[in-house]
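This report concerns only the one structure given below.
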Amino acid sequence: MKEEKVIVYSTPVCMYCNMLKDWFDEKGVKYESIDVSQDPEKARFIAEKTGQLGVPVTQIGEGDFVLGFDQVKLTEILKLD
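Counting from 63, one number per residue, gives the positions in the sequence shown under the numbering used here.
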């Protein structure tokens with residue numbers, strides 16, 4: 063598994079956000095969760111970086127952003143089994 067800082071930008075009512083975090087827990091991926099509904103500055107940050115307002119957004123390291131619950135892309139970037 064690739065060891066980079068992982069941040070999940072989400073909201074409490076987002077079904078896919080919760081599915082993503084549960085999947086990370088199952089895979090043993092350590093992540094920081096940021097509730098963008100409570101942090102407008104972070105919401106602006108992900109909108110600027112991705113061009114979208116939707117969640118979940120997963121930031122891996124400094125530059126990789128994955129929109130939505132994209133297991134294939136997350137597995138590839140994080141080198142998960």
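For glycine and all other residues, C-beta sits at the position ideal for the given N, C-alpha and C.
Only a predicted model underlies this, so the values are computations on that prediction, with no experimental measurement involved.
Contact set for residue i: own chain, Cβ-Cβ below 7 Å, skip 5 residues either direction
| i | result |
| --- | --- |
| residue 78 | 118, 130 and 131 |
Per-residue DSSP class, three states only, for residue i
| i | result |
| --- | --- |
| residue 131 | coil |
| residue 126 | strand |
C-beta contact flag for residue i and residue j at 7 Å
| i | j | result |
| --- | --- | --- |
| residue 127 | residue 111 | yes |
| residue 122 | residue 75 | no |
Neighbourhood of residue i by C-beta distance below 8 Å, restricted to the same chain and skipping five residues each side
| i | result |
| --- | --- |
| residue 96 | 69, 70, 71, 72 and 104 |
| residue 98 | 71, 72, 73, 104, 105, 108 and 117 |
Contact set for residue i: own chain, Cβ-Cβ below 6 Å, skip 5 residues either direction
| i | result |
| --- | --- |
| residue 89 | 142 |
| residue 135 | 128 |
Where the beta strand (DSSP E) through residue i begins and ends
| i | result |
| --- | --- |
| residue 94 | 94-97 |
| residue 120 | 119-122 |
| residue 75 | No beta strand (DSSP E) holds residue 75; DSSP gives it neither H nor E. |
First and last residue of the uninterrupted alpha helix (DSSP H) at residue i
| i | result |
| --- | --- |
| residue 112 | 102-112 |
Short CB-CB distance (under 7 Å) between residue i and chain D
| i | result |
| --- | --- |
| residue 87 | You won't find chain D in this structure, because it holds only one protein chain. |
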